[in-house]
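Counting from 1, position 23 in the sequence shown corresponds to residue 23 in UniProt numbering; the numbering is continuous, with no gaps.
Using N, Cα and C, we set each Cβ at its ideal position, and we do this for glycine too.
Structure, as structure tokens:
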Amino acid sequence: MHALRAIPGACSLADLDTAGTPGFVGSKSDALRLLQARGKHLHTLQEKLYANAVSGNGRSVLLVLQGMDAAGKGGIIRHVLGMVNPEGIDHAPFGVPSSEERLHHFLWRVHKALPRLGHIGVFDRSHYEDVLVARVRKLVPEAVWQGRYHEINEFERQLAGQGMVIVKVAMFISLQEQKQRLLQRLRDPHKNWKYSPRDVDDRLQWPHYRDAYQALLDRTSTEVAPWYVIPCDHKWYSRIAVAELLIAALETMDLTWPPAQYDLQKEITRLQRS
Ligand code: AMP
Ligand code: MG
């Protein structure tokens, strides 16, 4: 999965093969089988994360999902995070800021949505919208969005310093694939609700979004909070790729089962006699 890491200045979105499957050799059915097995491992790792938090060694993981409409963010949440105990997930979607949120600094709503200790937080979109849509749609002056890259790096550095492990995933599909997925949403009455006329507005701005995503990868992929670029034309690939990234993140934490904080033998005896 190291192949997916965005090295600032060395990752060109213009050259990205969105149908690629870097680091994975195998078929779709291989990937689906692997995902089931890896899901069990992910489940256990999250349980250890929680057990440690309950025992006083509290840390958390934050998964940031960024991508254009229909890139598959919802599918990652259902199929990857869905394999973990739902109690262990803190899900936070970021839509158009409310009138209250607009009265605050852009990181205000992000602070409030950070995962609890022992949990895996998942941001469905994130503070990065404030250097993507805000930049492309000119929602704030350039001097404001320019300053945000540094603010975001500082913010994430602080979170990492507090023990949070941050995994940032940028999801890309081809314009052709996006058209097919959006058409499905329009043609299937059960999917109409997923579509928004904004989706086509954003699609028409893709060259500008691509520049904004490129800047984000070049300026905010840091040692403590790296970006990973995921080709997403194949949903089965993006799901196994994100599962592996989460597993790798949790494994860096060297989690062990916390020992009992009571006299184990005495409790067994007490229980048997009760
Ligand atoms: P969806 O994720 O499809 O429900 O759409 C959420 C919409 O909210 C997208 O069009 C985002 O671009 C938009 N959005 C999210 N964050 C912001 C923000 N900070 N400023 C403006 N629009 C945003
Ligand atoms: Mg949408």
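Closest by C-alpha distance to residue i, when choosing among the options
i      : options                           : result
Leu16  : Ala260, Phe172, Gln180 and Trp227 : Phe172
Ser12  : His43, Ile230 and Leu35           : Ile230
Ile247 : Pro115, Val25, His150 and Gln46   : Gln46
Tyr213 : Glu142, Val169 and Val242         : Val169
Arg157 : Ser221, Ala37 and Ser274          : Ser221
Val224 : Asn153, Leu117, Ser238 and Arg203 : Asn153
Leu216 : Gly147, His41, Lys179 and Pro115  : Gly147
Val54  : Asp69, Leu117 and Leu107          : Leu117
Ala160 : Gly26, Lys48, Val61 and Arg33     : Val61
Ala14  : Lys235, Asp211, Gln261 and Asn85  : Asp211
Val131 : Ala143, Val122 and Phe123         : Ala143
Pro8   : Tyr228, Ala241 and Arg198         : Tyr228
Ala113 : Gly95, Glu129 and His91           : His91
Check: residue i C-beta below 7 Å from any heavy atom of the ligand MG
i      : result
Asp188 : no
Ser27  : no
Asp233 : no
Ser126 : no
Asp201 : no
Asp254 : no
Ser196 : yes
Span of the alpha helix (DSSP H), counted from its first residue to its last, around residue i
i      : result
Gly163 : Counting along the chain, Gly163 falls outside any alpha helix (DSSP H), and DSSP gives it neither H nor E.
Gln176 : Leu175 to Arg187
Val136 : Val133 to Val136
His111 : Trp108 to Lys112
Gly74  : Lys73 to His79
Thr222 : Here Thr222 belongs to no alpha helix (DSSP H), and DSSP marks it neither H nor E.
Leu13  : Taken as a continuous stretch (DSSP letters only), Leu13 belongs to no alpha helix (DSSP H), as it is neither H nor E.
Anticipated Cβ contact below 8 Å, residue i with residue j, distance rounded
i      : j      : result
Pro22  : Ala6   : Between Ala6 and Pro22 the Cβ distance is about 12 Å, and since that is not below 8 Å, they are no contact.
Met253 : Val165 : 6 Å
Asn52  : Leu250 : In fact, because the Cβ distance is near 11 Å, the residues do not count as touching under 8 Å.
Leu175 : Trp145 : Between Trp145 and Leu175 the Cβ distance is about 24 Å, and since that is not below 8 Å, they are no contact.
Asn192 : Leu186 : 7 Å
Arg109 : Pro97  : 7 Å
Arg125 : Gln66  : 6 Å
Ile89  : Ile120 : 6 Å
Phe24  : Tyr237 : 6 Å
Coil, strand or helix - residue i by DSSP
i      : result
Asp254 : coil
Gln205 : coil
Ile240 : helix
Gln46  : helix
Phe155 : helix
Pro197 : coil
Pro22  : coil
Pro93  : strand
Ala170 : strand
Arg116 : coil
Any non-hydrogen atom of the ligand AMP within 7 Å of residue i CB
i      : result
Phe155 : no
Leu139 : yes
Ala143 : no
Gly58  : no
Phe172 : no
Neighbour flag for residue i against chain B, beta carbons, 8 Å
i      : result
Val242 : Given the protein chain composition of this structure (a single chain), no chain B is represented.
The beta strand (DSSP E) enclosing residue i, as first and last residue numbers
i      : result
Gln66  : Ser60 to Gly67
Ile230 : Trp227 to Pro231
His105 : Neither: His105 is in no beta strand (DSSP E) and is coded neither H nor E.
Ile120 : Ile120 to Asp124
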